[in-house]
Amino acid sequence: MKKILILTLLCLVSGKALADCSFESQKDNYKLEVAASLAEKAFKENSVYFIAVADGIASSRPGFDISFTSCIFKNTKWEMLWVGADSQYCVNHEALRAQAKSYAQNFNKTMVRLASMQLREMCPELRTH
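The following block contains the structure:
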């Protein structure tokens, strides 16, 4: 009985964690038209980071069009936009997901372009790509 109770609680907690819809309340801070300029500003301030979107079982990395190697994983900073992960419990889930992915794509494409030399120096395996 204890095992069933523990498993039930774990499922409820996991479901709640995956249902994080914090992007919903922050969506006005992520306007598509300013994503590229914010990436440029961050790069100029020596703050290289990328944006992932928690919109499924695994997060997506829109606009991050280089190999996602272990070096990249260990040596880059990521901001996560929480759009309900795989729960789809967020109100207006599809619209939020589309906005988050478009914003991340514009931001990441700009940051990859600006930081590509820095990334290649940091991760030698990228030099051949």
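When we follow our numbering, the leftmost residue of the sequence shown carries the number 0, and every step to the right adds one.
Beta carbons: idealized from backbone N, C-alpha and C, even for Gly.
Distance CB(residue i)-CB(residue j) smaller than 8 Å
i	j	result
Ala-51	Arg-60	yes
Ser-101	Met-79	no
Leu-31	Asn-105	yes
Tyr-29	Ala-99	yes
Residues that DSSP places opposite residue i in a beta bridge
i	result
Leu-80	Val-52
Ser-21	None; Ser-21 has no bridge partner.
Ser-59	Val-52
Local Cβ density within 10 Å of residue i, reported as buried at 16 or more and exposed below that
i	result
Ala-94	exposed
Leu-8	Caution applies to Leu-8, whose pLDDT of 47 falls short of 50 and renders its modelled position unreliable; the model cannot decide the point.
Met-129	Coverage of the chain is limited to positions 0 through 128, which leaves residue 129 absent and any answer about it impossible.
Phe-67	exposed
Gln-25	exposed
Phe-22	buried
Phe-72	exposed
Expected contact under 8 Å - CB spacing of residue i and residue j to nearest Å
i	j	result
Cys-89	Cys-122	The Cβ separation is near 34 Å, so there is no contact.
Leu-125	Ile-65	6 Å
Residue i: CB within 7 Å of a non-hydrogen atom of the ligand MG
i	result
Leu-95	Summarising the ligand content, the structure contains no ligands, and the ligand MG is consequently not present.
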